[in-house]
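Start counting the sequence shown at 1; every next residue gets the next number (full-length UniProt numbering). Reading through the structure tokens given below for one structure.
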Amino acid sequence: MGKHFYVDHKPTSSTYVDDDSSSSHSTTGTSATSTFQEDDQMDERTCLQSSQREGNNNTYLSINPTTHCDTAYGCTSLSASPIPSTQIHARSESKTIWRTLLTRSKYYIPVLQWLPGYSTHTFQQDLLSGLSLSSLFIPQALSYATGLCRLPAIHGLYTVSVAALVYACLGMSPELSVGPEATVSLMVGSGIAHQKAALDPEAAAAVASLTALCVGVFSLGLSLLRFGFLDSLMSRALLRGFITAVAVTVLVQQTVFLLGLDQAAKDAGITPESATLERIGFIFAHRHAIHFETASLSFAALVSLFSISSIKRRIPRLQRVPEVLLVVVMSTLGCYIFRWDQLGVEVLGQVGSSSINSPFPFPSWPSLPPGADIQHILVNAAMISTVGFVESIAAAKSFARKHNYFVSANRELFAYGSVNLVGSLFQCFPSFGSLPRSKVHEAVKPKTQMSGAVAGVCTILVTSFFMPYLYYLPSATLSSIIFMAIVALLQELPHDLQFMWKVKAWQDMFMLGIIFFTTMIYSLETGTALAVLFSLIITIRQTSYPRITIMGRVKETMYKFSPIKNSQEVVEHLEDVLIVRVDEPLHFVNTGQLKDRLRRLEHYGDLSVHPSEASRRCEDLRYVIFDTGGMESIDASAVQILHEVIESYHDRGVHVYLVRVDPNVMPLLEKSGILDLIGMDQVLQEVTDAIQAIEYDMATCSVVVHSSTPS
1 MGKHFYVDHK PTSSTYVDDD SSSSHSTTGT SATSTFQEDD QMDERTCLQS
51 SQREGNNNTY LSINPTTHCD TAYGCTSLSA SPIPSTQIHA RSESKTIWRT
101 LLTRSKYYIP VLQWLPGYST HTFQQDLLSG LSLSSLFIPQ ALSYATGLCR
151 LPAIHGLYTV SVAALVYACL GMSPELSVGP EATVSLMVGS GIAHQKAALD
201 PEAAAAVASL TALCVGVFSL GLSLLRFGFL DSLMSRALLR GFITAVAVTV
251 LVQQTVFLLG LDQAAKDAGI TPESATLERI GFIFAHRHAI HFETASLSFA
301 ALVSLFSISS IKRRIPRLQR VPEVLLVVVM STLGCYIFRW DQLGVEVLGQ
351 VGSSSINSPF PFPSWPSLPP GADIQHILVN AAMISTVGFV ESIAAAKSFA
401 RKHNYFVSAN RELFAYGSVN LVGSLFQCFP SFGSLPRSKV HEAVKPKTQM
451 SGAVAGVCTI LVTSFFMPYL YYLPSATLSS IIFMAIVALL QELPHDLQFM
501 WKVKAWQDMF MLGIIFFTTM IYSLETGTAL AVLFSLIITI RQTSYPRITI
551 MGRVKETMYK FSPIKNSQEV VEHLEDVLIV RVDEPLHFVN TGQLKDRLRR
601 LEHYGDLSVH PSEASRRCED LRYVIFDTGG MESIDASAVQ ILHEVIESYH
651 DRGVHVYLVR VDPNVMPLLE KSGILDLIGM DQVLQEVTDA IQAIEYDMAT
701 CSVVVHSSTP S
């Protein structure tokens, strides 16, 4: 019969029992096993008494008679814990389908959670916050629609209204402001320019709406497939390089409008698809053609915006001062009174595509414009979905950490998809969360998502009744608003670069630079594709190697083990024994290099050793212990490779032990034949059990050798 081992928890003693005899054999260190056994019995009685104290009304878990206790560390079995247990209530089978649907609906539709208990006091705070947000929301929507997307301004207002209302119902972050976003708007404008639809407002609107539809479907599909983990797809360095390139691209693009060079740019052949470096060269070459009145108005607007914003940061009481709205009102009044438009200053003009009595279009599915490249629209939508989601969820999670609430990436992805899907029915362009605008929203302290809904309603009112008053709004003012918003995107760049330099993250800095210059030199699409490609390559590279660690025994101990790599001064290799700890689930991605890494561990004892160096382990390997405590799952490809590895050891006469095998993994190991190959008696609970089995095997072999030697 096989031998079953009982491991005493004292580090200086181990015991194994032979089924074929009633006698027990022990290997002792500095103390006798019998003494430990007596102490164990006393500790068991102590634990039993402590769990049966008088007057204690709490229910404790019962202690198994074989439970081991130690006076220094307490009971080593969970069943002996004196901590009061709490009953886990099973789901009531009488719960109706309606109650289940109601519970699930509250989970997936957050408005059903906070709206029933909504109070008047909370609404007062949300009303003020929503009004403050709308004062920034509406001018930004006009700016992004005309300046970045190359769409009629009315579509920016459509996008704000729908996005704010839908996210208020489905979103989880009260602070996050979902609507037109600079990076996404620039990508939409680039897609419209690629379709050659920029000169036709209706065709441009159709391309934008169709892109929003594709973004919505793509995002909803990822949400239903539980792909919320994609928020970790792009590293911070890659995302920072891409956002920085987008910011510089937009700043250069808007500088053309701030200086009144837009007509000269058209005459010089500068198109929305022109590279950033080409635009910079154009500005320097045509500096003599700068329109003085437009440049002066732009300068005054920028100084006003940045000055008021700086004062607000120093004086918290002025947080609600709407500097953007003030600049819009003042510049519009100035243009109307002094007729700057007659001096060559470009104005917004007539806004809207329908009568004032019907400010919103009837919902309808977007149509494909004649000659449109649907493949490019799909690719652009996929990129927009990825970039927009990564930016938005990063902002939402930062607010969640700061204000101590939870945000689910999958549920947020569902909300963003719904925003864009519904928006596509109302001629909206894609929209996601904007971090700079959300920081402004956070500063006015919204209580719930109702604040965003208030901003959406305000936008609808402005669209319905106040559009004629924006006729004289200078386009330079809108470009100034975009310029200010983009500068906010660059505020975190110095901190990130300083941190990377401090921790010597040269690889991250290199990738940041590559993404930045690629986007600047070539195009936004090239930079986006390269950023996603780099992310996939890095992810595959990091997951293709299994995380395995070679363990050694701590010096001057018997059964205490530690990684060799971390403490080589105090940890030693065991002669003829290799202890390998598997720290993660094994699957087809990370097992391709398993054989090679095990071979290197066997010969060098450390994966950091270069293969050109001499082997550090001179003795012949006789035993291998796989500590699979971290291997919570394994797929068919990985178990096949593991079988080949164990079979290779078996052919060499090396004994293989498996310890701490997860119950979920055991059936697959059994079906694959691994357990038959090594034997069930070599599948043990702890590394200590395997070491004691090896010691017994060595001792038995030594006795056999000595007994066979002639005297």
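For glycine and all other residues, C-beta sits at the position ideal for the given N, C-alpha and C.
Here the alpha carbons of residue 381 and residue 193 stand approximately 14 Å from one another. Residue 562 is bridged by DSSP to 552. Pairing residue 180 with residue 141 gives a Cβ-Cβ distance under 7 Å. The secondary-structure analysis by DSSP pairs residue 581 across a beta bridge with 549 and 627. Within the DSSP secondary-structure output, residue 179 pairs in a beta bridge with 432. Taking the Cβ atoms as the reference, residue 699 lies roughly 17 Å from residue 657, outside the contact range of under 8 Å. Within the segment 266–335, the runs of alpha helix (DSSP H) that reach at least 4 residues and sit entirely inside it are, in chain order, 276–285 and 292–314.
In this structure the segment 141–153 touches the segment 472–481; the number of beta carbon pairs closer than 8 Å is three or more. Measuring C-alpha to C-alpha distances from residue 325 to each of 473, 560, 514 and 540 identifies 473 as the nearest.
A straight-line Cα-Cα distance of about 20 Å links residue 368 and residue 185. In this structure, the straight-line span from the alpha carbon of residue 468 to that of residue 349 is close to 9 Å.
Residue state for residue 658 is assigned as strand, using DSSP reduced to three classes. For residue 682, there is no enclosing alpha helix (DSSP H), as DSSP marks it with neither H nor E. By the neighbour-count criterion, in which a residue is buried when 16 or more other Cβ atoms sit within 10 angstroms of its Cβ, residue 413 is buried.
As summarised for the segment 412–488, the continuous alpha helix (DSSP H) elements at least 4 residues long and confined to that stretch are 435–443 and 450–465, given in chain order. Per DSSP, residue 589 is not a residue of any alpha helix (DSSP H), being assigned neither H nor E. Sequence-distant partners of residue 201 (beyond 5 residues in either direction) whose C-beta falls short of 6 Å from its own C-beta, in its chain, are 152. The C-alpha of residue 453 lies about 22 Å from the C-alpha of residue 410.
Nearest C-alpha to residue 129 among 291, 157 and 176: 176. Contact annotation: residue 243 and residue 489 have beta-carbon atoms nearer than 7 Å.
No Cβ-Cβ contact shorter than 7 Å links residue 256 with residue 183. Taking a contact to require three or more Cβ pairs closer than 8 Å, the segment 116–135 and the segment 436–448 qualify as touching. Straight through space, the alpha carbons of residue 364 and residue 212 are spaced by roughly 13 Å. Partner residues in the beta bridge of residue 347, as assigned by DSSP, are 474. By the Cβ criterion, the segment 281–291 is in contact with the segment 261–273, since at least three pairs of Cβ atoms, one from each stretch, lie closer than 8 Å.
For residue 399, the closest C-alpha among the options 435, 376, 416 and 451 is that of 435. DSSP places residue 169 in the uninterrupted alpha helix (DSSP H) bounded by 154–170. Going by DSSP, residue 649 is part of the alpha helix (DSSP H) stretching over 636–651. Leaving aside the five residues that flank residue 581 on each side, the residues in its chain whose CB is nearer than 6 Å to its CB run, in chain order, 549, 551 and 627. Counting C-beta atoms within 10 angstroms of its own C-beta, residue 338 has fewer than 16 neighbours from the protein chains shown and is therefore classed as exposed. CA-CA distance, residue 169 to residue 265, rounds to 43 Å. Per DSSP, the unbroken alpha helix (DSSP H) holding residue 534 starts and ends at 524–543.
Taking all protein chains in view, the Cβ of residue 303 is surrounded by fewer than 16 other Cβ atoms within 10 Å, so the residue is classified as exposed. Contact between residue 171 and residue 110 holds: their C-beta atoms lie close to 7 Å from each other, under 8 Å.
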